[in-house]
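Peer 1: Numbering (full-length UniProt numbering), first residue to last: 1 to 158.
#1: Which value, in whole angstroms, describes the spacing of the CA atoms of residue 18 and residue 124?
#2: Tell me whether residue 13 is buried or exposed, calling it buried when 16 or more other Cβ atoms sit within 10 Å of its Cβ.
#3: Buried or exposed: which applies to residue 6, given that a residue is buried once 16 or more other Cβ atoms fall within 10 Å of its Cβ?
#4: What number of angstroms, rounded off, separates the C-alpha of residue 85 from the C-alpha of residue 40?
#5: Please determine, among 121, 107 and 114, the residue with the shortest C-alpha to C-alpha distance to residue 95.
#6: Which residues mark the beginning and the end of the beta strand (DSSP E) in which residue 41 is found?
#7: Measure from the alpha carbon of residue 57 to the alpha carbon of each residue in 64, 71 and 105, then state which is nearest.
#8: Hey, residue 126 and residue 135 are a contact pair by Cβ (cut 8 Å); roughly how many whole angstroms apart?
#9: For the putative contact between residue 35 and residue 23, defined by C-beta atoms under 8 Å, what is the C-beta separation to the nearest angstrom?
#10: Taking C-alpha atoms, which residue in 97, 118, 139 and 140 lies nearest to residue 26?
#11: Please determine, among 54, 104, 112 and 73, the residue with the shortest C-alpha to C-alpha distance to residue 92.
#12: What residue does the beta strand (DSSP E) around residue 26 start on, and which one ends it?
Written out as structure tokens, the structure is:
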């Protein structure tokens, strides 16, 4: 994990319009998009030096059922154990997670976060996949100091 320790403590917000999650799988013709959740809920956990300590995210998945399934993606103590837990209903898997955090300097600096986990779909019984295969879950996001936002410019405070 790479991050800068020059960013001081404070209240941070997730920039939702700069956040995207995608679940993809590989096939002979190249990668195939399985889901691109329209939104996500959750939080990133930062240490006092702004290093990413962990995250807990909920990604809604498409479904024809009345109750929409939600994929839970969590990790704690990223600097000690770069593993993430994925849970869908009663099914759960643990897989390595790669984390890149980069400070983007400027007049209104921010931290760019990229998370990626590859897991076997059979362990979660993902809807829409008839044959179990490796799936990549990748998230791009930005966090900014809360005072860099107008009053309604962001959704989640860290």
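For glycine and all other residues, C-beta sits at the position ideal for the given N, C-alpha and C. Predicted model, so just to flag it, every value in this text is computed and none were measured.
Peer 2: Checking against the coordinates, here is how it stands:
#1: 28 Å
#2: By the Cβ neighbour-count rule, residue 13 is buried, with 16 or more other Cβ atoms within 10 Å of its own.
#3: Confidence at residue 6 is low in this model, with a pLDDT of 42, below 50, so its placement is unreliable and the value that follows should be read with caution. With a 10 Å radius around the Cβ and a threshold of 16 neighbouring Cβ atoms, residue 6 comes out exposed.
#4: CA-CA distance, residue 85 to residue 40, rounds to 16 Å.
#5: 121
#6: 41-46
#7: Among 64, 71 and 105, the Cα nearest to that of residue 57 belongs to 71.
#8: Indeed, because the Cβ distance is near 7 Å, the residues count as touching under 8 Å.
#9: Yes, residue 35 and residue 23 are in contact; Cβ-Cβ is about 5 Å, under 8 Å.
#10: 118
#11: Checking every option, the nearest Cα to that of residue 92 belongs to 73.
#12: Under the DSSP assignment, residue 26 falls in the beta strand (DSSP E) whose first and last residues are 20-27.
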